[in-house]
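One structure is given below, encoded as structure tokens.
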Amino acid sequence: MDLMLWVDLACGILALDTSGLLLQRRPELRYGPLPDECQSPGNNGLARERCVGVSEGMVRFLEISNYERIRLWTLVDIGTGGWTLDHQLDLENLWDEDGFKAMGLPNDCPAVAFIHREHATMAYFFQESQLFHVDMSTGKFMDVQYFMMNNPPADYHSSRFVRPWKLPQSLFSG
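With mature numbering (1 follows the signal peptide of the UniProt record, and there is no 0) applied, the sequence shown corresponds to residues -15 to -1, 1 to 159, in that order.
As structure tokens, this is what we get:
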């Protein structure tokens, strides 16, 4: 099955099976809601709090709930909207990490950036002009990298503006 997904960070996912699409008389869109406790009225800030991505061949949902807890879910059944909560981490525990303190990052709620496409427990976040990642399986702060992205301003950095792709090396050999 080859699925094409459309994501609404407030409600859920629409999925279309594209295998044999041209032969289908009436292609069927399927709706899969987000986890029950993650249903939210839409607002402009959801891209700072949430993202959906594919990692290790599975659809994953990363969110910061109520500005206090990071949660990572895996979709187990698009038809029923079945999700498994894989990991959660309180922000206070992240802020207490020696690595986090050593980087001098503020104890503010970060913005969600993305989930690593090959390592499902690696969640990435924006904090000011820095991108850091956390191993959600251990709750450990891993590293931070400075970046410059003036448009949009730092207050708007979110999962809306980044996509983790693995590109062929041939694109860079020129």
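All C-beta atoms in this analysis are idealised placements derived from N, C-alpha and C, irrespective of residue type, glycine included.
Since the structure is predicted, the reported quantities are computational estimates derived from the model, not experimental observations.
Quiz item: So does the stretch 117 to 126 actually touch the stretch 61 to 68, counting three or more Cβ pairs closer than 8 Å?
Solution: Contact fails: fewer than three Cβ-Cβ distances are below 8 Å.
Quiz item: What residues in its chain sit with their C-beta under 6 Å from that of residue 106, if we drop five residues either side in the sequence?
Solution: Here residue 106 has 120, 121 and 122 as same chain residues with Cβ atoms under 6 Å from its own Cβ, once five neighbours each way along the sequence are excluded.
Quiz prompt | Burial state of residue 117 (16 or more Cβ within 10 Å) | solution = Residue 117 comes out buried.
Quiz prompt | Beta-carbon separation (whole angstroms), residue 25 vs residue 31, contact threshold 8 Å | solution = Right, the Cβ-Cβ distance comes to about 7 Å (below 8 Å), so this counts as a contact.
Quiz item: So what does DSSP say about residue 151, is it helix, strand or coil?
Solution: Reduced to three states, the DSSP call for residue 151 is coil.
Quiz prompt | Alpha-carbon spacing of residue 87 relative to residue 8, whole angstroms | solution = Straight-line Cα distance between these residues: approximately 58 Å.
Quiz item: Under the DSSP definition of a beta bridge, which residues are partnered with residue 104?
Solution: According to the DSSP secondary-structure assignment, residue 104 is paired through a beta bridge with no residue.
Quiz prompt | Length at least 4, wholly inside the stretch 31 to 84: the alpha helix (DSSP H) runs in chain order | solution = Positions of the alpha helix (DSSP H) runs, each at least 4 residues long and wholly inside the stretch 31 to 84, are given as 31 to 34 and 76 to 80 in order along the chain.
Quiz item: Quick one: what's residue 18 bridged to in DSSP?
Solution: Bridge pairing for residue 18: -4 [DSSP].
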